[in-house]
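Number of protein chains: 2
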Amino acid sequence: MTAARPVFYVSDGTGITAETIGHSLLTQFTGTRFATDRIPFVDTVDKARSVAARIRAAGEAAGLRPVIVSSCVDAELIQALGESGALVLDVFAPYIAPMEQELGLKRMPQVGQAHGIVDFDTYHRRINAMNYALTHDDGMRLDYAEADLILVGVSRAGKTPTCVYLALHYGIRAANYPLTDDDLDSDRLPAKLQAYRRKLFGLTIDPERLQQIRQERRPNSRYSQLETCRREVAQAEAMFQVERIPVLSTTHASIEEIASRVLESLGINREMF
Amino acid sequence: MTAARPVFYVSDGTGITAETIGHSLLTQFTGTRFATDRIPFVDTVDKARSVAARIRAAGEAAGLRPVIVSSCVDAELIQALGESGALVLDVFAPYIAPMEQELGLKRMPQVGQAHGIVDFDTYHRRINAMNYALTHDDGMRLDYAEADLILVGVSRAGKTPTCVYLALHYGIRAANYPLTDDDLDSDRLPAKLQAYRRKLFGLTIDPERLQQIRQERRPNSRYSQLETCRREVAQAEAMFQVERIPVLSTTHASIEEIASRVLESLGINREMF
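Just so you know, the sequences run in chain order A and B. Just so we're aligned: the first sequence equals residues 9 to 281 in the numbering used here. Just so we're aligned: the second sequence equals residues 9 to 281 in the numbering used here.
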């Protein structure tokens with residue numbers, strides 16, 4: 009087996025931008041093994057030089073030229089990273105010139121700005137949304153007047169992680185309501201949700217997959233029997249259809265995709281944090 | 009006041025990669041007003057054409073040429089987006105040729121792969137980490153044997169959002185322990201944390217900022233008095249110092265930055281979801 013190609017996400021900030029684009033790029037080269045590492049907060053030439061030495065050594069150990077995906081803004085830092093002998097992919101460089109030309113002004117290179125220091129309002133909005141998601145998780149509180157949206161579905165259909173993701177990344181007040189046996193035995197919307205119809209979005213899931221998830225949580229219980237999962241999912245889907253609640257299957261979707269599709273369906277447009 | 013320049017993050021998948029890099033790019037052009045919009049799941053030429061028409065209209069309405077930041081992989085889609093007349097910045101194009109040359113193979117364009125379909129193990133790891141964070145939030149459960157790390161600090165120092173972020177994006181089992189009055193009156197580590205010293209990381213915060221956050225939560229309480237905040241923060245910081253717990257101030261940091269710095273300090277290297 010050949011060695012994995014060393015890939016480093018290097019940044020003057022958190023490295024999230026570099027890792028996001030780098031990861032997307034690597035997924036397009038399936039069949040190649042990569043060993044990835046994130047090196048954040050490289051904000052001086054001295055640090056960049058020492059990182060370059062470390063990357064050079066990793067390349068020598070692997071017997072393969074390393075790749076650096078860099079989101080460092082300062083040209084001096086990028087030059088210092090070049091001393092590693094790695095292939096350096098600069099996340100911003102290709103776009104600066106066309107943007108400067110289009111806007112008719114020079115960019116202001118500000119180190120580590122994208123995910124760095126934040127103003128109080130932004131922080132506050134995220135934290136408040138997060139508190140909202142946690143206090144309105146799993147039907148704990150049913151006062152949905154302030155909710156931006158309410159996810160509805162059977163237990164373990166993916167509601168909680170989606171709500172938390174929406175809160176963290178979009179500052180959205182997302183509540184979630186688990187359909188209980190009582191709710192499912194009727195094919196109508198639970199009375200307590202009727203006032204919030206336009207905020208509702210249904211999550212469903214393949215019963216076999218649901219069974220697998222529940223089995224991990226409460227092994228060999230009635231809750232995790234395939235028959236229970238099949239019945240609950242069928243009842244929930246019938247209700248979504250009768251009540252015309254938009255619905256998405258989470259079976260093969262990532263949390264990011266579920267979140268994106270919910271926002272698109274409900275027509276909510278918020279900038280991402 | 010001039011109109012805001014329309015910027016569209018267009019993607020065949022969730023649009024997270026396009027928005028992440030686009031947002032980072034825009035932060036370098038301070039002083040320009042942008043109106044941003046995310047258009048995900050543009051995965052056919054027909055959809056791309058209709059998106060192009062919408063973007064052309066937005067540019068005409070604003071009287072400014074729009075900017076598209078595209079993470080569409082398929083060249084036909086990108087060409088269709090070009091019909092909008094916008095400046096199209098292609099998130100992957102500049103890096104494909106150098107990567108292909110370096111690796112000696114052609115990329116496999118797979119639509120919407122980065123944040124799309126996921127395997128069961130990946131989903132499971134994230135969900136389990138998330139459950140862990142929620143059940144070990146705020147000192148609710150003190151069985152830390154399985155924790156990857158434990159954040160320690162006074163109430164409202166930023167522990168919960170950081171734990172949830174670490175779970176969601178790194179699959180890390182992050183617990184958090186709030187320092188109570190009893191804990192703070194001693195300057196030593198609480199007994200229940202002593203077995204987990206190497207997993208501990210302290211969060212601190214400027215007392216004025218803490219007061220502002222607590223005031224929102226429980227207005228005009230003893231809890232939110234500046235004097236209370238000052239005392240608690242001073243006691244916590246003294247304890248971190250005596251016990252040599254690594255510590256970070258969250259006052260001006262984003263959740264992403266806190267998370268990155270915690271991982272760096274504890275030497276935890278995980279690929280990001």
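We treat Cβ as the ideally placed atom computed from N, Cα and C, and that holds for glycine.
Which same chain residues end up closer than 6 Å to residue i when comparing Cβ atoms and leaving out the 5 residues on each side of it in sequence?
i: ARG149/A; result: THR143
i: GLU84/A; result: VAL53
i: ALA141/B; result: CYS171, VAL172, ALA175, ALA182
i: GLU251/A; result: LEU197
i: ILE76/A; result: PHE16, VAL18, LEU89, ALA94, VAL96
i: LEU187/A; result: VAL162, ALA244
i: THR44/B; result: VAL15
i: PHE248/B; result: GLY210, VAL255
Candidates the options: which alpha carbon is nearest residue i's?
i: VAL160/A; options: ILE63/A, VAL255/A, GLN220/A; result: VAL255/A
i: ARG205/A; options: ASN277/A, ASP145/A, ASP156/A, ALA43/A; result: ASP156/A
i: TYR152/A; options: ILE266/A, GLU68/A, ILE180/A, PHE37/A; result: ILE180/A
i: ILE266/A; options: ARG278/A, LYS167/A, GLN220/A, ARG217/A; result: LYS167/A
i: ILE253/A; options: PHE209/A, LEU271/A, VAL241/A, HIS260/A; result: PHE209/A
i: GLU27/A; options: PHE37/B, HIS177/B, ALA261/B, ALA88/B; result: HIS177/B
i: THR236/B; options: MET107/B, GLU154/B, ALA101/B, ASP189/B; result: ASP189/B
i: GLU264/A; options: LEU34/B, ALA43/B, PRO48/B, GLY39/B; result: PRO48/B
i: ASP193/B; options: TYR103/B, SER262/B, GLN36/B, ALA246/B; result: ALA246/B
i: GLU68/B; options: THR44/B, SER268/B, ALA11/B; result: ALA11/B
i: ARG239/A; options: GLN202/A, LEU218/A, ARG46/A; result: LEU218/A
i: GLY71/B; options: THR25/B, ARG13/B, PHE100/B, PHE128/B; result: ARG13/B
i: PHE128/A; options: THR25/B, ARG46/B, THR258/B; result: THR258/B
i: SER273/B; options: ALA61/B, GLU216/B, ASP191/B, ILE158/B; result: ILE158/B
i: THR38/B; options: ALA66/A, ASP195/A, GLN36/A, LEU111/A; result: LEU111/A
i: ARG46/A; options: ALA61/A, GLY30/A, GLN36/A, THR35/A; result: GLY30/A
i: HIS132/B; options: ALA261/A, THR35/A, ALA203/A, GLY23/A; result: ALA261/A
i: LEU34/A; options: ARG62/B, PHE100/B, SER229/B; result: PHE100/B
With DSSP as the reference, identify every bridge partner of residue i, one or two as the case may be.
i: PRO14/A; result: ALA43/A
i: VAL160/B; result: TYR185/B, GLY210/B
i: ILE76/B; result: PHE16/B, VAL96/B
i: VAL6/B; result: Residue coverage of chain B in this structure runs from 9 to 281, which leaves residue 6/B outside it and unanswerable.
Can you give me the Cβ contacts of residue i inside the same chain, cut-off strictly under 7 Å, excluding the 5 residues immediately before and after it?
i: PRO117/B; result: VAL81, ASP82
i: ILE86/B; result: SER78, CYS80, VAL96, ASP98
i: VAL50/B; result: VAL18, SER19, ASP20, ALA56, VAL59, CYS80, LEU85
i: TYR303/A; result: Because chain A in this structure spans residues 9 to 281, residue 303/A falls outside the shown range and cannot be described.
i: ASP145/B; result: THR168, CYS171, ASN184
i: LYS200/A; result: LEU150
i: ILE104/B; result: ARG115
i: THR40/A; result: ARG13
i: VAL241/B; result: VAL162, THR212, ILE213, PRO215, LEU218
i: ALA137/A; result: ALA175, GLY179, ILE180, ARG181
i: ALA66/A; result: PRO14, PRO74
i: GLY147/A; result: TYR185, PRO186
i: PHE42/B; result: ALA12, ARG13, VAL15, LEU34
Cβ closer than 8 Å: which chain A residues qualify as neighbours of residue i?
i: MET247/B; result: Those within 8 Å of MET247/B in chain A number zero; the least Cβ separation is about 24 Å.
i: ARG73/B; result: GLU110
i: LEU2/B; result: Summary: the structure shown does not reach residue 2/B, with chain B confined to residues 9 through 281, and so no result is reported for it.
i: PRO169/B; result: ARG134, ILE135, MET138, LEU176
i: PRO14/B; result: Within chain A, no residue comes near PRO14/B; the closest Cβ sits about 12 Å away, beyond 8 Å.
i: ARG7/B; result: Limits of chain B in this structure are 9 at one end and 281 at the other, which puts residue 7/B out of reach.
i: THR40/B; result: LEU111, LEU113
i: THR44/B; result: GLU279
i: TYR173/B; result: LEU176
Whose C-beta lies closer than 8 Å to the C-beta of residue i among residues of the same chain, with five residues either side of it excluded?
i: ARG64/A; result: PRO74, GLU91, SER92, GLY93, ALA94
i: ILE281/A; result: The displayed chain sequence assigns Phe, not Ile, to residue 281/A. Closer than 8 Å at the Cβ level, and outside the excluded window around PHE281/A, lie THR130, ARG134, LEU176, HIS177, TYR178, GLY179.
i: GLU108/B; result: LYS114, ARG115
i: ARG164/B; result: ILE213, LEU218, ILE221, ARG222, ARG225
i: ASN139/B; result: none
i: PRO102/B; result: none
i: GLU154/B; result: TYR140, ARG181
Give the interface partners of residue i over in chain A, defined as CB-CB distance under 7 Å, in chain order.
i: SER257/B; result: What SER257/B touches in chain A: nothing, since even the nearest Cβ is about 12 Å away.
i: PRO102/B; result: PRO102
Quick one: which chain B residues come within Cβ less than 9 Å of residue i?
i: GLY23/A; result: SER268, MET280
Between residue i and chain C, is there a C-beta pair that is closer than 8 Å?
i: VAL81/A; result: No chain C appears in the structure shown, which is made up of the protein chains A and B.
Please determine whether the Cβ atom of residue i lies at a distance below 7 Å from any heavy atom of the ligand COA.
i: GLY93/B; result: The ligand COA is absent from the structure shown, which contains no ligand whatsoever.
So with CB distances below 8 Å, who are the chain B contacts of residue i?
i: GLU7/A; result: What is shown of chain A runs 9 to 281, which leaves residue 7/A out entirely.
i: VAL99/A; result: ILE29, SER32
i: PRO186/A; result: Those within 8 Å of PRO186/A in chain B number zero; the least Cβ separation is about 14 Å.
Going along chain B in order, which residues have a C-beta closer than 7 Å to the C-beta of residue i?
i: LEU95/A; result: PRO106, GLU110
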